[in-house]
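4 protein chains.
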Amino acid sequence: MIKAGIIGATGYAGNEIVRLLLGHPQAEIVWYGSRSYTGQPYADIYRNFTKLVDAACLDDNMEALSAEADVIFTATPQGLCASLVNEEILSRTKVIDLSADFRIKDVQKYEEWYGITHKAPQFLEEAVYGLCEINREQIRNARLVANPGCYPTCSTLSIYPFIKEGIIDPDTVIIDAKSGTSGAGRGAKTDNLFCEVNENIKAYGVASHRHTPEIEDQLGYACGRPVFLSFTPHLVPMNRGILVTAYASLTRPVTDNELRSLLHRYYDNETFVRVLAEDVCPQTRFVESSNYVDVNFKIDPRTNRLIMMGAMDNLVKGAAGQAVQNMNLMFGLPEETGLLAVPSLP
Amino acid sequence: MIKAGIIGATGYAGNEIVRLLLGHPQAEIVWYGSRSYTGQPYADIYRNFTKLVDAACLDDNMEALSAEADVIFTATPQGLCASLVNEEILSRTKVIDLSADFRIKDVQKYEEWYGITHKAPQFLEEAVYGLCEINREQIRNARLVANPGCYPTCSTLSIYPFIKEGIIDPDTVIIDAKSGTSGAGRGAKTDNLFCEVNENIKAYGVASHRHTPEIEDQLGYACGRPVFLSFTPHLVPMNRGILVTAYASLTRPVTDNELRSLLHRYYDNETFVRVLAEDVCPQTRFVESSNYVDVNFKIDPRTNRLIMMGAMDNLVKGAAGQAVQNMNLMFGLPEETGLLAVPSLP
Amino acid sequence: MIKAGIIGATGYAGNEIVRLLLGHPQAEIVWYGSRSYTGQPYADIYRNFTKLVDAACLDDNMEALSAEADVIFTATPQGLCASLVNEEILSRTKVIDLSADFRIKDVQKYEEWYGITHKAPQFLEEAVYGLCEINREQIRNARLVANPGCYPTCSTLSIYPFIKEGIIDPDTVIIDAKSGTSGAGRGAKTDNLFCEVNENIKAYGVASHRHTPEIEDQLGYACGRPVFLSFTPHLVPMNRGILVTAYASLTRPVTDNELRSLLHRYYDNETFVRVLAEDVCPQTRFVESSNYVDVNFKIDPRTNRLIMMGAMDNLVKGAAGQAVQNMNLMFGLPEETGLLAVPSLP
Amino acid sequence: MIKAGIIGATGYAGNEIVRLLLGHPQAEIVWYGSRSYTGQPYADIYRNFTKLVDAACLDDNMEALSAEADVIFTATPQGLCASLVNEEILSRTKVIDLSADFRIKDVQKYEEWYGITHKAPQFLEEAVYGLCEINREQIRNARLVANPGCYPTCSTLSIYPFIKEGIIDPDTVIIDAKSGTSGAGRGAKTDNLFCEVNENIKAYGVASHRHTPEIEDQLGYACGRPVFLSFTPHLVPMNRGILVTAYASLTRPVTDNELRSLLHRYYDNETFVRVLAEDVCPQTRFVESSNYVDVNFKIDPRTNRLIMMGAMDNLVKGAAGQAVQNMNLMFGLPEETGLLAVPSLP
């Protein structure tokens, strides 16, 4: 059994890691870390775990935790993992960081977009970007995995095959994304109250959202040159789910058949990526509470553009599920272990 | 492997049986029955099953199905199961009926409340009411199980220990219930459109809902005499979940400790019933997409009443989950098999 | 023009008073009081008022405000109005208090249920309970009006005619109420986050909610003796609306016709109370953003009970609308002035 | 008093026209047309009008109606108005058509996108596109107004000043739009059931939505040459509201100040268009149930793009409100008459 510790277990992503690991046949949770609720029974914070979790919350002492755990998940605000991790910890424990600390290789870029000083730049080169479908082999041998952001996961998987194969012009990429409200976290902010979110939709972080450089990096690796793109996230009155609608100009005439074959070639062996049939649009409800990503595209000959679409559950494939998928790879387990729950609908 | 057939696989309850059986280690689905969608790929109707279910929908030929299946789930409108079932089918296949056809032992009462003629009254005596926590032993040997209604399941489990032990006066029971909209089914009715349900709450079936006699029967068996009660269901703008708030007069002075011990005595050995701590109210989100029922109570000394509360997922413990729980019992499997998914939140 | 000041203008009830007074032909707002946002443009807090309100928020100095205003609305937490009001203020300005400070005549009862010391018990006798349909005449001459609570307004109007006429037994009243989330206020609490409220229903304040004695008082006045009742509020995932489902035993045999005539006799002259047709259940969406209350009832001969139902918008008739209705009465205007907006649907 | 008749009064747009006209000081409704509900009391279909509307539904006889009404609103499916309207009707009654029949001047284009034969092409030249802020003067003298589509209204008002002034490149326009579900109408379709829409977001009509040519026409008129753009609508789990996020490349370096002045120059005299402050994103809740459109923009120097945003209520400014605004213009009334209701929040 893999002994797992979670720092930030009382956030929505942490809670989802708990849910997934409780159903994982080869992992057990040894540390429910929560600075805010230290000492309180975990199931008093998340009563869905009544009768299922007896443990109380512990603090975020990563040193102590690394002595007990085989793997540590840090589901914490930006900066915390970088400030706690060190060589000693990494020498005895694998770390999967759900924050952005190790996602962007360029320290300066990280510090500009996040507005904080990076506390552990020495691990940036070693850290592996944990988008399993793309970096599978490096993840297997990693000590430190940077678990991708929710928007970057959905955006990258929706666009990757097309940009990599030169089908679309990298200078024309526009990503219009929509997310459920759990992505905003469990902090008590007026903006996230039910009555402020319900019956409403809004854009936020226009031309300035922190996931922009992360997506640009990944798509840049794919096409072999720097990418600058427009990324606009929107807040939708639902709990879970991310939908990406991306636009780019085609570099040459293409047919639906040609692109469909391409997409299937990239993804048919991927358990968690599902290529939908022609004219079927991804919907977030079809992947809810699962680790699947549904992708599709539409050619618009009138404008010579490709519209690329993807849907996933932001808390699963966009956070906790992908983290567990990374754990499976890092520990030599079948990648799907504990992640095959069927999407729940309605 | 148990071979399972589903008649009515494209309703919400049918879809949920599919979801649960796909995760069940000892069952496989051999028949996706749907009169409306015969011939169409099942995953085209419910795209959450993309890449997971290849089968196409079949008709509702129970005869043919019984030759292939070990168990048949009928998730169909009232009257259909009774019109199809016969001795030959029951002699070779177990039947779990999710409709009301075999829940009420008194034919006349059934026909009055449901307004249809019962087509198979000869099986009423044999049929076992599949509320597992109460009728476990009879279910093990049943050929035909009447899977309980959603409201009756939650209501009965919330009230049963108190009425059975004579703590409350059976003549004073009032049940005010609230349900998510999946309980209204997937039929295309104006009343169930998003814009008619969202931002709204209403009572319906006041003093006339068909689940009333079913609850009265079960509570009557518990206390040993006929019960007449008030039952008012309400439609809530959410997909899943039932909440029951029930009221009754106390027959004698009691303490929280005394009743709490009583409740624990009844339910501590039940995997799927969770007795909450004092002053913690059940919430539907804490049991979402799981087979758990959370129950609690509050003594009101000012009015000498007991307020009894229960929450569950109407599609799981209120329909498909309980059906699978019944199947497990009928086939000698551990009752929890395939049903231990942790509630998903948020 | 009536000059109106609002203390607590940035809460949901305060915001609704602003909305209503902007549409009122004979009132103007001279003071947008908000301790939290003093100095900030009001329309920066509530952007629905962009281009419509230029004023900035002021503090909660009731003395200063009373020098400028003809009427003060206090839409503040319990205790604030009682701590600020005095004879000098009341001698020159009318006060409509939306908190509970002056609703309950018995100081001791108030202090027990609210857990605070009453700071101005000397005005309790003078204060008029502002349920316009019942206390219209006293309101016309009042200096200080206690604007009723949301649950008490809907509960009282639903039950009043029946208890006053002796149709129901006062000892058997049970009120099961459901409210949209705006009733919980705009404070930044985790419990009221979108992801905690959405897809969920729960009871709260079981057998202990502060509106209980207020309802008991009003129904007690109606039937001429003390009433003790069960009141259970529930939180529903919608912004606005309160639905009351109330139960009581009939004191004698009655017919639908008889009770329907009774209800019409009480309410046909009331602009804001609408008696629905037989078998039509009140729904909150039919009164949304309006000052109407829809009421109806159902006789249940099986249990000898009467089920009484009411629906209204908690922010309008349950708070701001009723406050404006009170203002109209206090200033000799037609009661409906500025309040005839048609309910908005969907 | 203007006598108004409504054909299609029981759809959501028709219902909204009723709501607005009931509050209009100079109009009265003389005909509630509804083919589906002929003979039934209108308030039985929309119970928000209980006690407010006594009339029963009439059929869709436009001839008869034109003898009684000064203005006819057709809130019906595509094709109906064109099949009913004729010179005689137009000679005595003004017609405001909320369908697409007279929005697109090019018959062939209409027939291609809508897949039906145009029954009254002889009125296409005469018909005025009723986007009041742009075509105000022609509307004043029109007999037949084509009330704009919801998406085109919000899209055009958000983009118009920039494309007209040559700030953006017309070949690069991408519009990603999101709508509440009332836009899908009140027809009983499975896809629009609560449980299919709630907790979900999806794109639809990708690269093929019928509002595309309408937006292209309007923007083409603005910039003086044909425009081909990408338009993708999305369905959001809320009742009302449309949000447009539009992207285009800048034709030259600009500053926020410069564009902000431009926008204010276009819209400061417009009652119903509100230019938000820098960095304030439009949100649908800030215009709910009102006739306002909130617009803003953001310059993205990294990609040399302009992001243009707009929010409005699809049933008001996107349908019924704009229709009434057109009526006011056509009858010489102040444009705002009956339309100044303050947005309701939350």
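Going down the list, the sequences are from chains A, B, C and D.
Heads up, the final residue of the first sequence is numbered 1205 in this note's numbering, and it's a clean run with no missing numbers.
Heads up, the final residue of the second sequence is numbered 1205 in this note's numbering, and it's a clean run with no missing numbers.
Heads up, the final residue of the third sequence is numbered 1205 in this note's numbering, and it's a clean run with no missing numbers.
Heads up, the final residue of the fourth sequence is numbered 1205 in this note's numbering, and it's a clean run with no missing numbers.
Quick reminder that beta carbons are idealized off the backbone N, C-alpha and C, glycines included.
Note that the structure is a prediction, hence the values are computed from the model and not measured.
Asp1115 of chain C carries a helical assignment under DSSP once its states are collapsed to helix, strand and coil. Thr1040, Ser1041, Arg1045: these are the residues of the region 1032-1045 of chain A whose beta carbon lies less than 7 Å from some beta carbon of chain C, given in chain order. With a beta-carbon spacing of about 17 Å, Ala934 of chain D and Glu1073 of chain D fall beyond the 8 Å limit used to define contacts. Distance from the CA of Gln1142 of chain A to the CA of Val1152 of chain A, rounded to the nearest whole angstrom, comes to 10 Å. Within the same chain, and ignoring the five residues on either side of Ser925 of chain B in sequence, the residues whose Cβ sits closer than 7 Å to its Cβ are Ile931, Ile948, Arg951, Thr952. His977 of chain D carries a coil assignment under DSSP once its states are collapsed to helix, strand and coil.
In the DSSP assignment, Ala1105 of chain D is bridged to D:Ile1034, D:Met1167. If you draw a straight line from the Cα of Glu971 of chain C to the Cα of His1068 of chain C, it is about 12 Å long. Cβ contact annotation for Met1097 of chain C (same chain, cutoff 6 Å, sequence separation greater than five): Gly1039, in chain order. Against chain C, the CB of Arg1133 of chain D has a partner CB under 8 Å away; the residue lies at that interface. Using a CB distance below 8 Å, the part of the region 1128-1155 of chain B facing chain C consists of Cys1140, Pro1141, Gln1142, Thr1143, Arg1144, Glu1147, ordered along the chain. Think of a sphere of 7 Å around the beta carbon of Ala1105 of chain A: no beta carbon from chain C falls inside it, the nearest being about 26 Å out. One finds nothing in chain B with a Cβ atom closer than 8 Å to the Cβ of Cys916 of chain D; even the nearest lies about 15 Å away. The C-beta separation of Ala1179 of chain D from Ile866 of chain D comes to about 13 Å, leaving the pair out of contact by the 8 Å criterion. Looking at the DSSP output, Glu887 of chain C shares a beta bridge with C:Lys862. Contact annotation: Val1146 of chain A and Pro1202 of chain A have beta-carbon atoms nearer than 8 Å.
In the three-state reduction of the DSSP assignment, Tyr1010 of chain A falls in the helix class, which pools H, G and I. The beta-bridge partner set that DSSP reports for Ser1089 of chain D consists of D:Ile1033.
Residue pairing by DSSP places Pro900 of chain D opposite D:Ala915 in a beta bridge.
Considering only C:Asn1173, C:Val1175, C:Phe1156, the residue with the shortest C-alpha distance to Met1167 of chain C is C:Phe1156. Distance from the CA atom of Tyr896 of chain B to the CA atom of Lys1037 of chain C, rounded to whole angstroms, is 39 Å. Where Arg1133 of chain D is concerned, there is no enclosing alpha helix (DSSP H), although the beta strand (DSSP E) around it starts and stops at 1132-1134. Taking all protein chains shown into account, Ala923 of chain A has fewer than 16 neighbouring C-beta atoms within 10 Å of its C-beta and is therefore exposed.
Membership of Leu1003 of chain C in any alpha helix (DSSP H) is not indicated; the residue belongs instead to the beta strand (DSSP E) covering 1003-1005. In this structure His1123 of chain B is exposed. Its beta-carbon is surrounded by fewer than 16 other beta-carbon atoms within 10 angstroms. Taking 8 Å as the CB threshold, Ile1060 of chain B lines the interface with chain C. Residues of chain D with a Cβ closer than 7 Å to the Cβ of Asn1051 of chain B are, in chain order, Leu1052, Phe1053. A distance of 8 Å or more separates the beta carbons of Met1189 of chain A and Arg962 of chain A. Interface flag for Ala1179 of chain A against chain C is unset, since no Cβ pair is found closer than 8 Å. With 16 or more other Cβ atoms inside 10 Å of its own Cβ, Val954 of chain C counts as buried.
Listed along the chain, the chain D residues whose CB falls inside 8 Å of the CB of Ala1047 of chain B are Ala1047, Lys1048, Thr1049, Leu1052.
In the structure shown, Gly1064 of chain A adopts coil according to DSSP, grouped into three states. Beta-carbon to beta-carbon, Val1004 of chain B and Asn1187 of chain B are separated by about 11 Å, too far to satisfy the 8 Å threshold. Counted as a single uninterrupted DSSP element, the beta strand (DSSP E) harbouring Asp956 of chain D occupies residues 953-956. Distance from Ala886 of chain C to Gln899 of chain C at the Cβ level is roughly 23 Å; contact not present, criterion being Cβ atoms closer than 8 Å. Between the region 1014-1031 of chain B and the region 1075-1090 of chain B there are three or more inter-stretch CB-CB distances shorter than 8 Å, so the stretches are counted as touching.
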